[in-house]
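The sequence shown runs 1 to 198 under UniProt numbering.
Ideal Cβ positions, reconstructed from N, Cα and C, are used throughout, including at glycine.
From a predicted model like this one, the values you see are computed outputs, not experimental measurements.
I have placed the structure first, in the form of structure tokens, so that the comments after it can refer back to it.
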Amino acid sequence: MKLDPFYLIVDRASWLPRLLPQGVKLVQLRAKDMDEAELRREIATARDVCARFGAQLIINDYWKLAIELGCDFVHLGQEDLAEADVPAMRRAGLKLGISTHDEAELEAALLAGPDYVALGPVYPTILKKMRWAPQGLERVSQWKARIGDLPLVGIGGLTIERAPGVRQAGADSLAVVTDVLLNDNPEARAREWVLATR
Numbered sequence: 001m002k003l004d005p006f007y008l009i010v011d012r013a014s015w016l017p018r019l020l021p022q023g024v025k026l027v028q029l030r031a032k033d034m035d036e037a038e039l040r041r042e043i044a045t046a047r048d049v050c051a052r053f054g055a056q057l058i059i060n061d062y063w064k065l066a067i068e069l070g071c072d073f074v075h076l077g078q079e080d081l082a083e084a085d086v087p088a089m090r091r092a093g094l095k096l097g098i099s100t101h102d103e104a105e106l107e108a109a110l111l112a113g114p115d116y117v118a119l120g121p122v123y124p125t126i127l128k129k130m131r132w133a134p135q136g137l138e139r140v141s142q143w144k145a146r147i148g149d150l151p152l153v154g155i156g157g158l159t160i161e162r163a164p165g166v167r168q169a170g171a172d173s174l175a176v177v178t179d180v181l182l183n184d185n186p187e188a189r190a191r192e193w194v195l196a197t198r
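So this is what it looks like as structure tokens:
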């Protein structure tokens, strides 16, 4: 499986009509702090907008809703992976991405047979409080050597200036949140990322 080299993460489906027209082809919906009815609407909206623009949608965490709403890709953190019914996801045809931060988590992820592995934070990140120190480029290279042909997603503190080094270290795809969503012009920044990763 091949992932688009630019992997945008958004917290609301309302970003998608603004950012997908910039050439974004891979997006994760990481929606938090919503009740189930809101989540269902948010995921369904994101699914429909991504279909309209020919973009791949990845749902963060909510694998049951992803199955119910006919999505085709889920991303799980380690806590969610421990509680998820991976065989049920596979029977439903869901592809699976998994977060990793250390060797034990990589082992757990590989046992689940993921479609990609994410490693982070590569650099310091302001998105959320992390109990892991920045991994650095050497760790990116180590992870890529371990997982071989499986796509590797680098995440955490990524900027366009840092992108070439992360890709040269072995990341197949670069996951970006704040560098786009907190930019003064998110549309222009998303377009810059698309061009920088082609």
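Item                                                                                                       : Value
The alpha helix (DSSP H) enclosing I147, as first and last residue numbers                                 : G136 to I147
Helix, strand or coil at I160 [DSSP, three-state]                                                          : coil
G23, DSSP secondary structure in three states                                                              : coil
Cβ-Cβ separation, V140 to L8 (assumed contact under 8 Å), whole Å                                          : About 19 Å; that fails the 8 Å criterion.
Exposed unless 16 or more other CB atoms sit within 10 angstroms - verdict on N185                         : exposed
Cβ pair count under 8 Å reaching 3, the stretch 57 to 75 against the stretch 85 to 94                      : yes
Distance between K32 and A163 (C-alpha atoms, nearest Å)                                                   : 27 Å
As assigned by DSSP and simplified to three states, the class of T45                                       : helix
Inter-stretch contact at 8 Å, needing at least 3 Cβ pairs: the stretch 100 to 115 / the stretch 163 to 173 : no
Buried versus exposed, by CB contacts within 10 Å (16 or more), residue 280                                : Given that the chain is displayed from residue 1 to residue 198, the structure contains no residue 280 and the question cannot be resolved.
Alpha carbon of E38 to alpha carbon of A13, nearest angstrom                                               : 11 Å
Classification of V97 by the beta-carbon crowding that lies within 10 angstroms, buried from 16 upward     : Checking the displayed sequence, the identity of residue 97 turns out to be Gly instead of Val. The residue is buried, with at least 16 neighbouring Cβ atoms inside 10 Å.
DSSP-derived helix/strand/coil call for A31                                                                : coil
Cβ neighbour criterion (16 or more within 10 Å) applied to E42                                             : buried
Where M1 falls, given that 16 or more other Cβ within 10 Å makes a residue buried                          : exposed
Simplified DSSP assignment, three categories, for T197                                                     : coil
With 16 other Cβ atoms within 10 Å as the buried cut-off, status of D61                                    : buried
Collapsed DSSP secondary structure at G165 in the structure displayed                                      : helix
Selection from L19, P134, C50 and Q56 that minimises the alpha carbon distance to S121                     : Note that residue 121 is Pro in the sequence shown here, rather than Ser. Nearest option by C-alpha distance: P134.
For V180, the residue or residues it bridges with in DSSP                                                  : Bridge partners of V180: none, in fact.
Short CB-CB distance (under 7 Å) between T159 and chain C                                                  : In the structure shown, chain C does not exist; there is a single protein chain.
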